[in-house]
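*Asks:* Got a structure for you, written out below as structure tokens; questions coming shortly.
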């Protein structure tokens with residue numbers, strides 16, 4: 074795998090209403106949303122400032138969801154490693170002409186992600202972590218914290234950082250790449266299924282919450298403070314896609 078401070082190189086929303094989802098995230102996250110120009114499908118590019126970081130596509134799915142793309146140097150080889158480690162393959166490796174090669178896979182507990190290698194070695198620069206509109210945190214909600222960690226550690230070499238005791242919620246295990254903390258894994262018995270949750274950065278958590286509520290989001294948690302002094306909330310967009318935001322609370 075290509076080593077990087079953040080192994081996730083792209084984020085994709087699969088939704089049931091392309092236009093409504095685009096309008097929601099444009100308002101709430103502040104992303105610029107432009108058409109990709111693909112001839113065979115409608116695909117919109119999400120950008121934080123001048124930096125593309127993800128996309129939106131519409132499909133007839135039971136519930137919208139986000140997929141994170143992990144950069145690897147050989148998609149087909151990693152598909153084999155996923156299978157050997159007990160994971161599954163939802164979509165076999167294939168090429169996107171002029172873009173790269175990808176495969177949709179899942180860890181042994183069922184959380185999905187994408188393996189990706191770009192056609193060019195020059196990937197679009199991601200926004201700096203914790204800047205507004207960036208994806209700042211990657212949180213795996215799983216049924217087996219240690220089993221999930223072993224899978225990703227064996228596949229990508231991720232390591233454990235601090236483990237935070239969350240009481241009834243158990244251990245919130247921070248995970249690191251090259252010594253940089255990128256997210257966490259914890260056993261979530263309330264989640265309907267294992268999944269990755271991606272946190273969108275904002276410079277004012279209360280203003281972001283108001284934008285989300287005004288745009289029709291359903292807020293399921295927060296805002297509340299987390300270790301380090303940041304504030305978070307978790308919600309669902311009007312189509313049902315789960316998202317989260319993280320940022321500072323501005324003093325009145």
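Residue numbers (this note's numbering): 74 to 325. Cβ coordinates follow ideal geometry from the N, Cα and C atoms, glycine included.
According to DSSP, is residue 220 part of a helix, a strand, or is it coil?
*Replies:* DSSP places residue 220 in helix when its eight states are reduced to three.
*Asks:* Exposed or buried, residue 330, counting other C-beta atoms within 10 Å across all chains shown (16 or more means buried)?
*Replies:* The question about residue 330 has no answer, for the chain in this structure spans 74 to 325.
*Asks:* Quick test of the definition: if touching needs 3 or more C-beta pairs under 8 Å, does the segment 221 to 230 touch the segment 203 to 212?
*Replies:* As far as the Cβ criterion goes, the segment 221 to 230 does not touch the segment 203 to 212, which means the pair count is below three.
*Asks:* Per DSSP, residue 256 is paired with what?
*Replies:* According to DSSP, residue 256 bridges with 211 and 248.
*Asks:* Under the DSSP definition of a beta bridge, which residues are partnered with residue 108?
*Replies:* The partner list for residue 108 (beta bridge, DSSP) reads 117.
*Asks:* What distance in whole Å lies between the Cβ atoms of residue 187 and residue 140, which are believed to be in contact at a cut-off of 8 Å?
*Replies:* The pair is a contact, with the Cβ atoms about 5 Å apart (cut-off 8 Å).
*Asks:* Report the three-state DSSP secondary structure of residue 283 (helix, strand or coil).
*Replies:* Looking at residue 283 - three-state DSSP - the assignment turns out to be helix.
*Asks:* Are the beta-carbon atoms of residue 243 and residue 257 separated by less than 8 Å?
*Replies:* No, the pair does not count as a contact, with Cβ atoms beyond the cut-off.
*Asks:* Within its chain, find whatever has a CB closer than 7 Å to the CB of residue 291; leave out the 5 residues flanking it on each side and keep chain order.
*Replies:* Hits under 7 Å: 308 and 309.
*Asks:* Kindly give me the distance between the Cβ atoms of residue 312 and residue 89, rounded to whole angstroms, as I take these residues to be in contact under 8 Å.
*Replies:* At roughly 5 Å, the Cβ-Cβ gap stays under 8 Å, so residue 312 and residue 89 are in contact.
*Asks:* Do the CB positions of residue 271 and residue 214 come within less than 8 Å of each other?
*Replies:* No.
*Asks:* Anyone know if the C-beta pair for residue 109 and residue 128 falls short of 8 Å?
*Replies:* Contact: yes.
*Asks:* In terms of residue numbering, what span does the alpha helix (DSSP H) encompassing residue 101 cover?
*Replies:* First-last of the alpha helix (DSSP H) with residue 101: 91 to 102.
*Asks:* If contacts are defined as beta-carbon pairs under 8 Å, then residue 146 and residue 190 qualify, I think. What distance do you get, rounded to the angstrom?
*Replies:* That belief holds up - the Cβ atoms of residue 146 and residue 190 are roughly 6 Å apart, short of 8 Å.
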